[in-house]
Structures are given as C-alpha cells and as structure tokens.
Amino acid sequence: MLRRFIITGVFGYFLLFMVLLLLMGFRWNRYRKTPDQPIDFSHQIHAGKLNLDCLFCHETADDSYFAGVPTVQKCMDCHINVKTDSPKVQKIHKYWNEKQPIPWNRVHRIRQRNYVYFTHERHVKAEEAKVNNPNHVLGKPGIACEACHGEVKAMDHMRAFSSLKMGWCVECHRANEAPTDCLTCHR
Ligand code: HEC
Ligand code: HEC
Ligand code: HEC
Ligand code: HEC
Ligand code: HEC
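Sequential numbering of the sequence shown, starting at 4, is according to the working numbering.
Have a look at this one:
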C-alpha cells in the first residue's frame, strides 16, 4: 500500500515536471521568435499601410553586411508631429529627449554567427538571382527581403520567418546555382 503510494507520488511528480518542461520549452521558443520590444512598432502600419520602402529605414541592407535598424531621428522625422497624443509615440519622444537609442531586441541572429560569413549586400543586389520574387521592391535584380523574411508588410509584430540554419542557406543556393562549397560561408 505504502509502496504504491510512493510510486504514484514519484510518477506524479515526474509527469508534472515533464509538463512544466514542455511548457517552458514552448514559451522559450515563442519568446525567441517574437521578443517583446520597447516600443510597439508595427511593420503592418509602416511598411504595409504607409507603404514605406524597406530601405528607407533599413538603409544599409543594399551596401553592407547588416541591414541596420533606423535611428530615433528617423522615427522623429514623422513623429515630431504624427500621433503625438499616443502613449506609444510619447515613448519615442522620451528616448529622443534623453538622447538614448531605442533598445530594440534582435529577432534574427544566425546562432553560430562567428563561424559564418553572411552579408545582406550580396543577396539584396544579387546579379543573377533566379529566385522567384514578385515582391521585389528595389527595382533591380536581386533577392527580395520577403524571400528570406516573409510577408513583413503584413506583420504587426516582427517574427522570424526562416530558420537561418545551414540547410536553409544551402537549399536556396542549390536552387539558384549559387556556390555551395564550404568556404563560401565558412572562411
Ligand atoms: C514616414 C513617416 C513615419 C516614420 C518615419 C515613422 N512613423 Fe510611426 N507612424 C506614422 C503614421 C502616419 C502613423 C499612424 C498610422 C495610422 O494610425 O494609420 C504611425 C504610427 C505609429 C505608431 C502607432 C501609434 C498608435 O498609438 O497608434 C507607433 C508606435 C509608431 N508609429 C512608431 C514608430 C517608430 C518607433 C518609428 C521609427 C522606427 C516610426 N514610427 C517611424 C508615420 C511614421
Ligand atoms: C519606419 C521604419 C521601418 C520600415 C519602413 C521597415 N522597417 Fe523593418 N524594422 C524597423 C524597426 C524599428 C525594427 C526593430 C523593431 C522590430 O523588430 O519590430 C525593424 C525590424 C525589422 C526586422 C527584424 C530585425 C531583427 O531584429 O532581426 C526585419 C527582418 C525587418 N525589419 C524587415 C523589414 C522589411 C522587409 C521592410 C519592408 C517591407 C521593413 N522592415 C520596413 C523599422 C522599419
Ligand atoms: C538571403 C536572405 C536574406 C535577404 C534577401 C534579406 N535578409 Fe535580412 N537577414 C538575413 C539573415 C540570415 C539575417 C541574420 C543575420 C545575422 O545573424 O547577423 C538577417 C537579419 C536582418 C536584420 C537584423 C540584423 C541586421 O542585419 O541589421 C534586419 C533589420 C534585416 N535582416 C532586414 C532585411 C531587409 C530590409 C532586407 C531587404 C532589403 C533583407 N533583410 C533581406 C537574411 C536575409
Ligand atoms: C533565398 C535564397 C538564398 C538564401 C536563403 C541564402 N542565399 Fe546566399 N546567395 C544566394 C544567391 C542567389 C547568391 C548569388 C548572388 C550573386 O551571384 O550575385 C548568394 C550568394 C552568397 C554568398 C556569396 C558567394 C560568393 O560568390 O562568394 C555568400 C557568402 C552567401 N550567399 C551566404 C549565405 C548564407 C550564410 C546564407 C544563410 C544564412 C545564405 N547565403 C542564404 C541566395 C540565397
Ligand atoms: C550557403 C552557406 C553555407 C555553406 C555553403 C556551408 N555552410 Fe555550414 N553553416 C552555415 C550556417 C548558416 C551555419 C550556422 C547554423 C546555425 O547557427 O544554426 C553553419 C554551420 C555549420 C557547422 C556547425 C554545426 C551546425 O550544423 O550547426 C558545421 C560543422 C558546418 N556548417 C560545416 C559545413 C561544411 C563541412 C560545409 C561544406 C560541405 C558547409 N558547412 C557549407 C552555412 C553554410
């Protein structure tokens, strides 16, 4: 009797532990994909409804490794007048007045970044990309942001669309006759 009691007890705890682990894993995963941001910025409003060009804010995406995020100044160009009664916009003013950058949380990061060579420029300006990209926004040959980042114009909150894993890179390279030897990305 006592033994059965102990066994079910131990089993119960074990089960509870597993369920907790699962829940934590789930939450962690979700957090990784859509981190909380200091300001509730929406691509759906700015890139979708207002139809602003991606490069208007991510200025270096076509000539650098990094796409970059806009400065507070860029937000203020409009929000010095626009929606100033909104508490969300007042947060921008607060960073502006304190001369602090907005501490955006990164959504995309190649996990083993130090071992991988990746540059936006080469992709955004790709010469002979045969990638099917009806959404291409830059008016020249190249891979659309959407091919790697998904339908950003419809995203209220930015989330990771691609895994950024090696298989993802190599699969697209293969499909587009881009180089796939190891030294292309590991140098
Ligand atoms: C080209 C002008 C422009 C720029 C640049 C701009 N915004 Fe906006 N933003 C707007 C307009 C216009 C709206 C209102 C759109 C609507 O309500 O339909 C808006 C709405 C918002 C809202 C929602 C406000 C509310 O309470 O409804 C937030 C938050 C916001 N912007 C943050 C930012 C941030 C952060 C930046 C800089 C990274 C930025 N915006 C850059 C024009 C701009
Ligand atoms: C008004 C300025 C603005 C415009 C226009 C804009 N973005 Fe952004 N973008 C931001 C800001 C601010 C962030 C950081 C906050 C966030 O992640 O939501 C960001 C984040 C991102 C990220 C995630 C960065 C990371 O941390 O991994 C991607 C990807 C991105 N934008 C792609 C795009 C694409 C594609 C377009 C065009 C369809 C676009 N953006 C248009 C301001 C802008
Ligand atoms: C070939 C795929 C690909 C294309 C095309 C692409 N990106 Fe990215 N993007 C990535 C990867 C991979 C990362 C993560 C890089 C890292 O970990 O440093 C990233 C990261 C980002 C980031 C956050 C880090 C940074 O570089 O500032 C932003 C913002 C971003 N991309 C915006 C854009 C915009 C805007 C475009 C189109 C002009 C675009 N991307 C086109 C694959 C791509
Ligand atoms: C959507 C398709 C696509 C994805 C995803 C993609 N690439 Fe590429 N990549 C290309 C194409 C196409 C080229 C060739 C561009 C050209 O020749 O102008 C290229 C070129 C490159 C080059 C330059 C190759 C050279 O000639 O030296 C590097 C480096 C590279 N990619 C790294 C990466 C890495 C790392 C990833 C993943 C994190 C990645 N790419 C994901 C399509 C892609
Ligand atoms: C088109 C780009 C690309 C090419 C080509 C490529 N890799 Fe990778 N590789 C990556 C990326 C991106 C990562 C990081 C994955 C991550 O962080 O999740 C990676 C990670 C790795 C890792 C770390 C383990 C892992 O899977 O995370 C090893 C080992 C590796 N690559 C070996 C190779 C070898 C060997 C070749 C040649 C046969 C090669 N790679 C070709 C992009 C590439």
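Glycine included, C-beta positions come from ideal geometry on N, C-alpha and C.
- prompt: Can you tell me whether DSSP reads N100 as helix, strand or coil?
  reply: helix
- prompt: Alpha carbon to alpha carbon, what distance is there between G145 and L18?
  reply: 51 Å
- request: Consult DSSP for E174 and reduce its assignment to one of helix, strand or coil.
  value: helix
query: Going by alpha carbons, who is nearest to Q103 out of H82, H126, A157 and Q76?
result: Q76
message: With the cut-off set at 9 Å, would you say H46 and V119 are in Cβ contact?
response: no
- prompt: With a Cβ-Cβ cutoff of 9 Å, do P38 and N108 count as a contact?
  reply: yes
- prompt: Using the C-alpha atoms, what's the distance from K52 back to C191?
  reply: A question about residue 191 goes unanswered here, because the residues of the chain that appear run from 4 up to 190.
- prompt: Between which two residues does the alpha helix (DSSP H) harbouring F247 extend?
  reply: This structure gives no information on residue 247, because the portion of the chain shown stretches from 4 to 190.
query: Which ranges would you report for the alpha helix (DSSP H) in the segment 63 to 108 if only whole runs of at least 4 residues count?
result: 75 to 82 and 90 to 100
message: For M21, count the other beta carbons within 10 Å of its own beta carbon; 16 or more makes it buried, fewer makes it exposed. Which is it?
response: exposed
task: Verify the contact flag: C185, CB atom, against every heavy atom of ligand 1, threshold strictly below 8 Å.
output: no
query: Assuming R91 contacts D56 under a Cβ cut-off of 8 Å, what Cβ separation, rounded to an integer in Å, is found between them?
result: Strictly speaking, residue 91 in this sequence is Lys, with Arg absent from that position. About 23 Å; that fails the 8 Å criterion.
task: Indicate whether the contact test is met: 3 or more Cβ pairs, each with one atom in the segment 61 to 76 and one in the segment 154 to 161, closer than 8 Å.
output: no
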